[in-house]
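For reference, the structure discussed in these notes is given below.
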Amino acid sequence: MADDRKIDSESLKSLLDAGDADKAGKTLLEEHPADIARFLGELGDEHLKSLFYVLDPKLASEVVAELNDEARDVILEDMESKRVGEIVDHMASDDAADLLGALSDEDARKVLDHLPADDSHQVKSLLAFEDDTAGGLMQMEIASVRSDASVQSVIDMLRANREDTEDIHNIFVVDANEQLTGVLPIRRLVLEPLETIISDIMDEDIISVHVDEDQEEVAKIFKKYDLLSLPVIDDFDRVVGRVTVDDIVDVMEEEASEDFFKMAGAGSDDILPKSILKSAKIRLPWLFASCLGGLVALKIIGAFEDTLGQMVVLVSFIPVILGMGGNIGTQSTTIVVRGLATGALEVGSLWRVVFKEIRIGVILGIVYGLFLGAAAYLIYPENAFLSLVVGLAMWTSMVLAAAVGTLMPIVLFRSGVDPAVATGPFVTTSVDIMGILILFGFATFFLL
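What follows is the structure, given as structure tokens:
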């Protein structure tokens, strides 16, 4: 059932305009942090700061974790390090590290000075990892026990540490060296007799990731095994933290957006606020590839000057042939790139995908080749060969476009190059050049 909760934004904005941020803040107390974050993201800088300031540290910690980067940076810009420390103290270690990672090194150190020693050490440890690794995603709040512990003792431990274990899904079983030996789901813990020994009920078939594992690979593991959390281990197989499914949802969205931006030749985070010059600089090389391809196409058209001089009508069919070829090429590319990114396409099945896309290109090429040929005959009935030329050109262009759109990302993938980076502009340019060659080649052969 859909959640129809909605903040009365107009009333709150009226309170803020009247300078009554305290009353507006009290109105938000019953709202979900994610809804509050969305509302705050719609406010101007001054209203955003004044309303966030009146939130108590616990609620503020939940809200700031949901804010977009731009709103978060506005809030942190003038906030005192002590206030930031109070907020961070209520956050999970991974969210705290993300927040401090947005600050300068000097400001981050000031905030860390206001945290308890243990919390400060945890956050410092997380900040040492790359953002796009399991270590950068994980939180260090875990529940670990020895295999000879009883169910009763584990339950007592969870109760004694309820603040750090409130969202624990699995308990990690470790040996004397803190090495991971088993995993115990919370549900199984509460269903077993209190005197049961953990070693008798734990899962010894462990799924874990190394701290340096790329976040995209971590996301694939979550998807493959349908996990809620995943233990993270170091070089000595010691448990150092856990990645939770809420972070993986963000990773999947981030990776999908990054791939689509790359395919379009834009920056991987181009939807987010950044300078106009920086966005233009990122797009420049990819657009240059398209521009260069256009010049090559221009040269090819010039080489067929005699054909064009005798059959000027061919020019009117260039847009539709190039457009259809580009469309089917982009469709094939998108399917392959996304399949490779998500792991849905295995290396052994790549050629099967190639032949499938080519067959689809053959079928669609026949349909649209016949359609364009018939349209050409109706418009220019005095030249039956013209309809044959444009129909064949459409069919051939679509088949080759499907092949190129499928093969190019596979070749790049096999070569160790990220296919999302290079396929989009290059596939479109290649298909355009092939389409022009095919159209004028057939015209020269059949009509002259």
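Residue numbers (this note's numbering): 13 to 460.
All C-beta atoms in this analysis are idealised placements derived from N, C-alpha and C, irrespective of residue type, glycine included.
Since the model is a prediction, treat every value here as computed from it, not as a measurement.
### Query
Start and end of the beta strand (DSSP E) containing Phe184?
Asn182 to Val186
### Message
Taking the alpha helix (DSSP H) that Ser156 belongs to, which residues open and close that run?
### Response
First-last for Ser156: Ser156 to Arg158, but that is the beta strand (DSSP E), not the alpha helix (DSSP H).
### Message
Give me, in chain order, the residues of the same chain whose beta-carbon lies closer than 7 Å to that of Gly355; leave out the 5 immediate sequence neighbours on both sides.
### Response
Lys232
#### Entry: Residues sharing a beta bridge with Val251, DSSP
Ile245
### Task
For Asn182, count neighbouring C-beta atoms within 10 Å of its own C-beta (all shown protein chains included) and say buried if the count is 16 or more, exposed if not.
Buried.
### Task
Give me the Cα-Cα distance between Val349 and Pro297, rounded to the nearest whole angstrom.
Distance between the alpha carbons of Val349 and Pro297 is about 20 Å.
### Query
What whole-angstrom Cβ distance do Val185 and Ser159 have, given they're in contact under 8 Å?
By a beta-carbon distance limit of 8 Å, Val185 contacts Ser159. Their separation comes to about 5 Å.
### Val96 and Val123 closer than 8 Å at C-beta
yes
### Message
Check for me: the beta strand (DSSP E) holding Val195 runs from which residue to which?
### Response
Leu192 to Pro197
### Query
Can you tell me whether DSSP reads Thr208 as helix, strand or coil?
coil
### Query
How would you label Asp16, buried or exposed, when you count the other beta carbons within 10 angstroms and need 16 or more for buried?
With a pLDDT of 49 at Asp16, under the threshold of 50, the predicted position of this residue should be treated as unreliable, though the coordinate-derived value follows. Under this definition Asp16 is an exposed residue.
### Task
Return the residue from the list Leu362, Ala33, Ala172 and Leu71 that minimises the CA-CA distance to Glu58.
Ala33
### For His44, the residue or residues it bridges with in DSSP
Paired residue(s): none; His44 is not in a bridge.
### Task
Enumerate in chain order the residues of its own chain whose CB-to-CB distance from Thr441 is below 7 Å, with the five nearest sequence positions on each side excluded.
Ala301, Ser302 and Gly305
### Query
By Cβ distance below 8 Å, which residues in the same chain neighbour Phe397 in space, the five residues on each side in sequence not counted?
Phe458 and Leu459
### Task
Just the C-alpha distance for Leu60 and Glu82, rounded to the nearest angstrom, thanks.
11 Å
### Query
Tell me which same chain residues have a C-beta within less than 7 Å of the C-beta of Pro285, skipping the five on either side of it?
Residue placement at Pro285 cannot be trusted, given a pLDDT of 48 that sits under 50; what the coordinates show is reported in the next sentence. Excluding residues within five positions, the ones whose Cβ falls inside 7 Å are Glu82.
### Task
Just tell me which of Ala405, Leu334 and Leu419 has its CA closest to the CA of Leu367.
In the sequence as presented, Leu is not what sits at residue 367; that position holds Phe. The candidate whose alpha carbon is nearest that of Phe367 is Leu419.
### Query
Should Ser269 be listed as close to the ligand ADP, given that the test is whether its C-beta is under 7 Å from any heavy atom?
Within the structure as shown, the ligand ADP is missing, as the structure has no ligands at all.
### Task
Could you round the C-beta distance between Ser105 and Glu153 to whole angstroms and report it? I think they count as a contact, below 8 Å.
6 Å
### Message
Between which residues of its own chain and Val308 is the CB-CB distance below 7 Å, once the five residues before and five after are set aside?
### Response
Closer than 7 Å at Cβ, skipping near neighbours: Ile445.
### Task
Can you tell me which of the three DSSP states Ser427 falls into?
coil
### Query
Just the Cα atoms here: how many angstroms apart are Ile422 and Val416?
Distance between the alpha carbons of Ile422 and Val416 is about 10 Å.
### Message
To the nearest angstrom, how far is the alpha carbon of Met13 from that of Pro393?
### Response
Here the model assigns Met13 a pLDDT of 42, short of 50, so the residue's position is not dependable, and the following value carries that caveat. Taking the straight line joining both Cα atoms gives about 59 Å.
### Task
State buried or exposed for Ile87, treating a residue as buried only when at least 16 other CB atoms are found within 10 Å of its CB.
buried
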